[in-house]
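One structure below.
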Amino acid sequence: MATQPGYSGTGSGDYLTVMNNHCMQDHGTVEENYIVVPSRWRLSSLCGLCGNYNQNGTDDYLMPNGKLATSAAQLGDSWKAEGDDDAGCKPDEPHIPSCDPINEEAYKKMCEVVISTSGAFAKCHAEIDPEAFLKTCIYDMCQFHGMESTLCDNFQAYAEACRAKGINILWRNETFCREFSA
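Mapping the sequence shown onto the UniProt record's numbering, position 47 (from 1) lands on 47, and the numbers just tick up by one.
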């Protein structure tokens, strides 16, 4: 695995571990990751897009000026480095995919599986409100023209959020969002 000076990495299949000279570790797969930060840095030493590790989620949107951002876009824009003219680092602009009303209604019906009170995801509703996942699902389905993999990815995101709360949801089957094993 090729790395930058000061970093080392190992990989196995889709799983990666990256370490730097400061002992931070980034673990994960191509699709998701998590960062392990040494305990000596956790209190009053961290800030930025990943929060500050003080176990208080209400202040994780703190901008460099000390104020709370009102959106993820505002938070991201506030941490942009001065003079950064990278084309991929432009201020966020709302992007609303165009979606034919008939298609949007069809996508909404498909995505509503996540909010069904009698469906596989219902047992998690008390822990995690599915409404934001529903909105994201509809948006993504419009963006990607109803691709089944997009629907599956959205349901998987909700299932993983539920799993993080200790609720395991079995929602895949042989004909819907089937998982392939290698």
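Glycine included, C-beta positions come from ideal geometry on N, C-alpha and C.
For A161, which residues from the same chain have a beta carbon less than 6 Å from its beta carbon, with the 5 sequence-adjacent residues on both sides left out? Excluding residues up to 5 positions away in sequence, I128 lie with their Cβ nearer than 6 Å to the Cβ of A161 in the same chain.
Determine the contact status of C142 and C99, defining contact as a CB-CB distance below 8 Å. In contact: C142 and C99 (Cβ atoms closer than 8 Å).
DSSP three-state label for L151, please. It is helical.
Quick check on the burial criterion: 16 or more other C-beta atoms within 10 angstroms. Buried or exposed for D85? The residue in question, D85, is exposed, as its Cβ has fewer than 16 Cβ neighbours within 10 Å.
Cβ separation of C120 and I167, assumed to be a contact under 8 Å, to the nearest whole Å: This sequence places Ala at residue 120; Cys is not what is there. About 11 Å; that fails the 8 Å criterion.
Reducing DSSP to helix, strand and coil, say where L49 ends up. Here L49 sits in coil by DSSP.
Which two residues bound the contiguous alpha helix (DSSP H) that contains M63? No alpha helix (DSSP H) holds M63; DSSP gives it neither H nor E.
Cβ-Cβ distance between L62 and N54 below 8 Å: No, these two residues do not count as a Cβ contact at 8 Å.
Close Cβ partners of A182 (< 6 Å) along its chain, the five nearest in sequence each way excluded: Bear in mind that the predicted position of A182 carries a pLDDT of just 44, short of 50, making it unreliable; the figure below should be weighed with that in mind. For A182, where only same-chain residues beyond five positions count, there are no Cβ hits under 6 Å.
For residue 184, which beta-bridge partners are listed by DSSP? Absent from the model: residue 184. The displayed extent of the chain is 1 to 182, so no value can be given.
Tell me whether A159 is buried or exposed, calling it buried when 16 or more other Cβ atoms sit within 10 Å of its Cβ. Under a 10 Å Cβ-count criterion, A159 is classified as buried, with 16 or more other Cβ atoms of the shown protein chains found around its own Cβ.
With distance defined between alpha-carbon atoms, name the residue in P130, Q156 and K165 nearest to N173. Looking at the Cα atoms, Q156 is the closest of the given residues.
Beta-bridge partners of E68, as assigned by DSSP: Before going further, note that residue 68 is Leu rather than Glu in the sequence given. Paired residues: L62.
For A106 and D153, the rounded distance between their alpha carbons: Here the alpha carbon of D153 sits roughly 17 Å from the alpha carbon of A106.
Buried or exposed for F133, going by 16 or more other Cβ atoms inside 10 Å? By the neighbour-count rule (16 or more Cβ atoms within 10 Å), F133 is buried.
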